[in-house]
Amino acid sequence: MYCNVIKYYAEGNKEFEKELNDFSPDGFWAMTLPKNKNEALFVAQLLCDGGINKYGLSCAGLTENLLKDIEPHLGLATISEIDEYLANLDKEEAELKE
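Numbering (the working numbering), first residue to last: 9 to 106.
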């Protein structure tokens with residue numbers, strides 16, 4: 009249900025436009041969204057593990073792989089680049105001692 013709601017909202021589905029644009033305290037979203045932390049965690053887990061990624065969405069932040077998801081976009085050196093840099097430093101240091 010949550011996946012369909014998100015999909016219809018994102019697509020601007022005309023059939024559900026009135027309901028999906030009702031943000032009042034007793035409107036559609038107030039009735040549909042999780043009521044507490046446990047429900048929210050359940051829905052987040054369902055969306056992440058339940059195949060929502062077929063829509064190209066990311067669950068970064070909800071998984072232990074957060075850094076793996078965002079690391080390439082931070083502009084930081086990769087582990088192999090750091091290893092190469094340290095190896096070069098060691099090599100230069102060894103050459104200076106000779």
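Note that beta-carbon positions come from the ideal geometry of N, C-alpha and C, so glycine has one too.
Please state whether DSSP places residue i in a helix, a strand or coil.
i             : result
leucine 97    : helix
aspartate 34  : coil
glutamate 106 : coil
asparagine 21 : coil
Just reading off the alpha helix (DSSP H) that residue i is part of, what are its end residues?
i          : result
alanine 85 : Run containing alanine 85: none; DSSP gives neither H nor E here.
lysine 26  : 25-28
Using a Cβ-Cβ cut-off of 6 Å (strictly less than) and excluding sequence neighbours within five positions of residue i, which residues of its own chain qualify?
i           : result
leucine 104 : none
Note down, in chain order, each residue of its chain lying with its Cβ closer than 7 Å to the Cβ of residue i, except the 5 sequence neighbours on either side.
i          : result
valine 13  : Thr40
leucine 28 : Tyr16, Tyr17, Phe36
Apart from the five residues on each side of it in sequence, which residues of its chain come closer than 8 Å, Cβ to Cβ, to residue i?
i          : result
glycine 83 : none
serine 32  : Ala38
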